[in-house]
Amino acid sequence: MALVDPSVPSPRAGAEMESASGRSHLGANAPPLIEMRGIERVYQMGDNVVRALAGVDLTIERGASIAIMGTSGSGKSTMMNILGCLDQPTKGSYFLDGRDVSRLSRAELAAVRGRMIGFVFQSFNLLSRTTAFENVEMPLLYQGLSASVRRKRANEALARVGLQNRGDHTPNQLSGGQQQRVAIARALVCEAPIIMADEPTGNLDTKTSYEVMAILQGLVAQGITVVLVTHEHDIAAYARRVVTLRDGLMVDDRTQTPVIAGGNMAADAAAATAAAGAHP
Ligand SMILES: Nc1ncnc2c1ncn2[C@@H]1O[C@H](COP(=O)(O)OP(=O)(O)OP(=O)(O)O)[C@@H](O)[C@H]1O
Ligand SMILES: [Mg+2]
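Plus 213 on top of the position in the sequence shown (first one is 1) and you've got this note's numbering.
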């Protein structure tokens with residue numbers, strides 16, 4: 214469905230590193246982090262045309278926490294794929310950090326993705342015979358960094374999700390929640406300003422889901438923008454804003470006071486981050 218395999222990290226183009234934090238336009242006239250206008254995505258399957266997105270306008274500010282909800286087939290993953298620069302709209306414009314990314318080449322899109330967005334998936338997408346540390350380090354292997362810098366960044370990212378003591382475990386030696394935290398650490402390691410998570414708690418039990426939401430809330434508290442797709446209202450409750458799709462259209466957009474997930478976990482992760490000297 215996606216144009217590009219998101220599990221293959223994209224290189225960060227050196228020239229674009231200047232604005233790698235996504236915080237390069239934080240002046241008074243800073244554009245929104247994300248601005249979509251009239252986004253349509255049409256899939257042509259033989260004679261059958263599916264309008265997965267039928268004209269969506271969406272603006273997301275820096276530091277937002279936003280849940281995208283909707284029934285199966287409403288267009289959530291299609292929306293996430295376009296937001297995450299994994300796919301492009303058939304029609305409409307998408308400005309990411311002030312730059313029109315709706316008509317970029319695949320290589321340009323990959324560079325923007327590598328710089329701006331970390332991904333978390335329902336099925337974790339970890340390499341099974343590879344340690345947590347190596348999974349987290351993986352995106353950095355494409356950046357020409359020294360082994361010691363990679364080690365420091367990967368360890369910091371693991372500390373940010375409270376797994377500083379699990380780096381040498383392989384995925385089958387970790388619980389589901391811990392595996393998802395490794396995936397979050399991998400999403401964080403490039404220091405992208407946006408985390409996009411498609412059903413990140415879909416394979417987790419209730420308690421573990423809350424732990425993962427605590428980690429994501431901790432990231433929002435550190436200034437990272439978190440965009441989350443979920444079916445579940447009690448997961449969406451952790452976001453500050455909830456938009457609902459139906460038949461490819463946005464039918465609801467509300468802000469709320471988020472429920473605070475497992476305070477201790479979030480505090481622990483924040484303390485571990487501080488101890489590791491990591492920068493959001
Ligand atoms: N690659 C594709 N080719 C053709 N049709 C597609 C493709 N991807 C999605 N669709 C169709 O687009 C519509 C929206 O799909 P999408 O995957 O975005 O839904 P969703 O809201 O994520 O659903 P779910 O909750 O089941 O994951 C559906 O009707 C789906 O069948
Ligand atoms: Mg989906």
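The C-beta atom is built at its ideal place from N, Cα and C for all residues, glycine as well.
Everything numeric in this text was worked out from a predicted model, so none of it was measured.
- When DSSP assignments are scanned along the segment 242-325, the uninterrupted stretches of beta strand (DSSP E) that are 3 or more residues long and fall wholly within it turn out to be 247-258, 261-273, 278-282 and 304-309.
- Not one heavy atom of ligand 2 is found less than 8 Å from the C-beta of V425.
- If you draw a straight line from the Cα of L429 to the Cα of V255, it comes to about 31 Å.
- Within the model, the alpha-carbon separation for D260 versus E321 is close to 32 Å.
- Contact annotation: the segment 453-466 does not touch the segment 394-409, with fewer than three C-beta pairs closer than 8 Å.
- Ordered by chain, the residues meeting the criterion of a beta-carbon within less than 5 Å of a non-hydrogen atom of ligand 1 are M214, Y256, V263, A265, S285, G286, S287, G288, K289, S290 and T291.
- Closer than 8 Å to some heavy atom of ligand 2: that describes the Cβ of D411.
- Bridge pairing for R459: L462 [DSSP].
- If you look at D447, you'll find it in the alpha helix (DSSP H) that goes H446 to A449.
- DSSP, reduced to helix, strand and coil, places G331 within a strand of the structure shown.
- Relative to ligand 2, the beta carbon of V464 is positioned no closer than 8 Å to any heavy atom.
- For R379, the three-state secondary structure derived from DSSP is coil.
- A Cβ-Cβ separation of about 6 Å places F337 in contact with Q393 under the 8 Å criterion.
- Relative to ligand 2, the beta carbon of V442 is positioned inside 8 Å of a heavy atom.
- Cβ contact annotation for N348 (same chain, cutoff 7 Å, sequence separation greater than five): L339, L340, V395 and R399, in chain order.
- Around the beta carbon of D300, a 10 Å sphere encloses 16 or more other beta carbons of the protein chains shown; the residue is thus reported as buried.
- If you look at A410, you'll find it isn't in any alpha helix (DSSP H); it sits in the beta strand (DSSP E) that goes I407 to D411.
- G268 and S359 have their C-alpha atoms some 45 Å from each other.
- When secondary structure is reduced to three states using DSSP, T421 falls in the helix class.
- In the three-state scheme derived from DSSP, where H, G and I count as helix and E and B as strand, L441 is classed as strand.
- In the structure shown, R453 adopts coil according to DSSP, grouped into three states.
- Taking all protein chains in view, the Cβ of Q257 is surrounded by fewer than 16 other Cβ atoms within 10 Å, so the residue is classified as exposed.
- Put simply, of T343, M282 and E248 the residue whose alpha carbon is nearest the alpha carbon of I448 is M282.
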